[in-house]
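When you line the sequence shown up against the working numbering, it's residues 383 to 538, in that order. Note that the Cβ used here is the ideal one computed from N, Cα and C, for glycine as well.
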Amino acid sequence: MYCKKCGNEISDEAEYCPRCGAPQNVSELMLASTGERILAYIIDGIIIGFVVSALSFPGLFIPFHTPFLNLSLNSVALFLYWSYTEGTTGQSIGKKVMNIKVTDLYGEQIDTSTSMYQAFGKAFLLPLDLIIGVIAYPEKEQRLFNHLSGTIVVKE
Ligand SMILES: [Zn+2]
Numbered sequence: 383m384y385c386k387k388c389g390n391e392i393s394d395e396a397e398y399c400p401r402c403g404a405p406q407n408v409s410e411l412m413l414a415s416t417g418e419r420i421l422a423y424i425i426d427g428i429i430i431g432f433v434v435s436a437l438s439f440p441g442l443f444i445p446f447h448t449p450f451l452n453l454s455l456n457s458v459a460l461f462l463y464w465s466y467t468e469g470t471t472g473q474s475i476g477k478k479v480m481n482i483k484v485t486d487l488y489g490e491q492i493d494t495s496t497s498m499y500q501a502f503g504k505a506f507l508l509p510l511d512l513i514i515g516v517i518a519y520p521e522k523e524q525r526l527f528n529h530l531s532g533t534i535v536v537k538e
């Protein structure tokens with residue numbers, strides 16, 4: 383048997399790869415449902431929307447208007463928030479409430495740069511990110527940027 387992550391040869395009974403630590407029984411991962419993910423997204427959107435409007439940065443605006451790219455202050459704040467929370471614990475506040483988390487394909491915690499990658503799509507390109515994901519990656523229920531960053535959303 384070979385490690386599913388690094389290809390190291392390991393014993394058949396090994397639950398974790400001795401070299402890279404990847405768990406080998408990943409079939410036990412349960413994907414989060416679409417409903418759970420949407421609710422987590424709404425909770426995060428309300429929290430960040432509230433914080434941004436409460437601070438209300440007078441005079442600050444970002445002068446971009448492109449058809450698919452959403453570069454509002456709100457989406458920049460969401461990007462930073464998701465990158466940090468999901469890159470350190472796997473969970474934003476919304477995901478904590480819903481008991482779901484972002485992991486790599488092996489159920490392991492992602493690092494901050496991976497988190498920035500997966501967060502980029504949902505913060506700035508959400509409709510495209512979702513629609514392409516629904517069409518192209520239904521088996522792992524990945525957004526396009528989940529697929530590109532090698533991440534999934536699982537039940538905790
Ligand atoms: Zn390994």
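Under 8 Å: do the segment 461 to 469 and the segment 491 to 511 share three or more Cβ pairs, one atom per stretch? Verdict: yes, contact present.
Proximity below 8 Å, CB of Ala404 to CB of Tyr463: Taking 8 Å as the cut-off, the beta carbon of Ala404 is found no closer than this to the beta carbon of Tyr463.
Grab me the residues of Gly503's own chain with a C-beta within less than 7 Å of its C-beta, minus the 5 sequence neighbours each way, in chain order. Answer for Gly503: Asp511, Arg525, Leu526, Phe527, listed in chain order.
Using the Cα positions of Val479 and Gly389, report the straight-line distance between them to the nearest angstrom. Straight-line spacing of the CA atoms in Val479 and Gly389 works out to 36 Å.
Here's a check: name, in chain order, each residue in its chain whose Cβ is nearer than 7 Å to the Cβ of Asp394, leaving out the five neighbours to either side. Around Asp394: Met383.
One question on the structure: do Ser465 and Ser497 come within less than 8 Å of each other, judged by their Cβ atoms? Yes, they are a contact pair.
By how many angstroms is the C-alpha of Val535 removed from the C-alpha of Ile428? Roughly 20 Å separates the two Cα atoms.
Segments assigned beta strand (DSSP E), at least 3 residues, entirely inside the segment 450 to 506: The segment 450 to 506 contains these whole beta strand (DSSP E) runs: 482 to 486.
Measuring only the C-alpha atoms, how far is Leu437 from Gly532? Taking the straight line joining both Cα atoms gives about 34 Å.
What does a CB cutoff of less than 7 Å around Ala505 pick up in its chain, not counting 5 residues either side in sequence? Closer than 7 Å at the Cβ level, and outside the excluded window around Ala505, lie Ser457, Leu460, Phe461, Trp464.
Does DSSP classify Lys537 as helix, strand or coil? Correct three-state label for Lys537: strand.
Name the residue from Arg419, Ile392, Pro520, Ala396 whose alpha carbon lies nearest to the alpha carbon of Asn481. Nearest of Arg419, Ile392, Pro520, Ala396 to Asn481, Cα basis: Arg419.
So, helix, strand or coil for Tyr519, using DSSP? Coil, per DSSP.
Contact set, ligand 1 heavy atom to C-beta under 6 Å: Result (chain order): Cys385, Lys387, Cys388, Asn390, Cys399, Arg401, Cys402, Ala404.
What does the alpha-carbon distance come out to for the pair Lys483 and Lys386? Each residue's Cα considered, the two are about 21 Å apart.
Can you give me the start and stop residues for the alpha helix (DSSP H) that Glu418 sits inside? Per DSSP, Glu418 belongs to the alpha helix (DSSP H) from 416 to 437.
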